[in-house]
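In my numbering, the protein residues as written are 188 to 390.
Each remark here refers to the structure printed beneath this line.
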């Protein structure tokens with residue numbers, strides 16, 4: 188096989204993998220028990236092609252979660268985390284994450300039932316944790332956040348509170364709006380910050 192043929196084959200494999208993940212995220216968010224055959228059909232590939240990329244349904248679900256996580260991180264990066272007060276940047280980060288999760292409620296609830304080893308869970312949260320840590324450290328340096336607690340501890344607490352907010356929404360005990368407000372208030376209190384006052388003009 189020539190280098191060009193190898194390159195084409197690799198590109199074809201990447202395209203089919205992306206198509207499978209796109210179909211899986213889309214389909215599983217409406218039909219969480221959709222079969223591999225249904226996902227293959229939605230992706231325009233064969234069942235065998237799906238299994239060539241993802242040997243088990245659990246691996247496909249995990250990859251779908253990684254795709255959603257990548258989307259959330261991209262949304263966070265687009266939120267301008269290094270601009271303006273750290274308090275505002277933190278709230279923008281939380282909202283960006285919540286908006287992404289809100290687009291895939293059924294899929295994320297299904298995936299949450301999977302058993303994940305601690306190392307994998309840590310790696311998946313690492314990009315989010317890195318961005319949270321960056322904003323929190325900036326806030327501590329400017330005096331917006333209490334500097335007596337370690338950034339790592341504050342990151343862990345913030346992620347846990349985010350999961351709690353999502354769980355309340357999934358259980359139907361809180362609306363998305365109420366959960367977001369509760370998350371904002373709780374995180375800012377943990378950080379020793381005060382929520383920004385609303386502009387009475389609404390601007």
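Glycine is no exception: its CB is placed at the ideal position from the N, C-alpha and C atoms.
All values derive from a computational prediction rather than experimental measurement.
C-beta atoms of residue i and residue j nearer than 8 Å
{"i": "residue 445", "j": "residue 325", "result": "Outside the shown range of the chain, which is 188 to 390, sits residue 445, and nothing can be said about it."}
{"i": "residue 276", "j": "residue 262", "result": "no"}
{"i": "residue 314", "j": "residue 374", "result": "no"}
{"i": "residue 229", "j": "residue 205", "result": "no"}
{"i": "residue 250", "j": "residue 208", "result": "yes"}
{"i": "residue 371", "j": "residue 280", "result": "no"}
{"i": "residue 271", "j": "residue 333", "result": "no"}
{"i": "residue 233", "j": "residue 225", "result": "no"}
{"i": "residue 297", "j": "residue 247", "result": "no"}
{"i": "residue 223", "j": "residue 197", "result": "no"}
CB-CB length for residue i against residue j, believed under 8 Å
{"i": "residue 311", "j": "residue 268", "result": "With 8 Å as the limit, residue 311 and residue 268 do not qualify as a contact, their Cβ atoms being about 19 Å apart."}
{"i": "residue 323", "j": "residue 348", "result": "Not really, about 13 Å apart at Cβ, beyond 8 Å."}
{"i": "residue 285", "j": "residue 367", "result": "6 Å"}
{"i": "residue 346", "j": "residue 316", "result": "7 Å"}
{"i": "residue 287", "j": "residue 258", "result": "5 Å"}
Where the alpha helix (DSSP H) containing residue i begins and where it ends
{"i": "residue 299", "result": "Element bounds for residue 299: n/a, residue is neither H nor E."}
{"i": "residue 349", "result": "338-357"}
{"i": "residue 289", "result": "273-290"}
{"i": "residue 254", "result": "244-264"}
{"i": "residue 331", "result": "Here residue 331 belongs to no alpha helix (DSSP H), and DSSP marks it neither H nor E."}
{"i": "residue 372", "result": "363-377"}
{"i": "residue 270", "result": "Per DSSP, residue 270 belongs to no alpha helix (DSSP H) and is neither H nor E."}
{"i": "residue 189", "result": "Looking at the DSSP string, residue 189 is not in any alpha helix (DSSP H), and its letter there is neither H nor E."}
{"i": "residue 234", "result": "234-240"}
task = Please confirm if the segment 244-254 is in contact with the segment 352-359, defined as three or more CB-CB distances below 8 Å between the two stretches.
result = no
ask   = Is the segment 280-291 touching the segment 233-249, taking contact as three or more C-beta pairs under 8 Å?
value = The segment 280-291, when compared against the segment 233-249, does not touch it at the 8 Å Cβ threshold.
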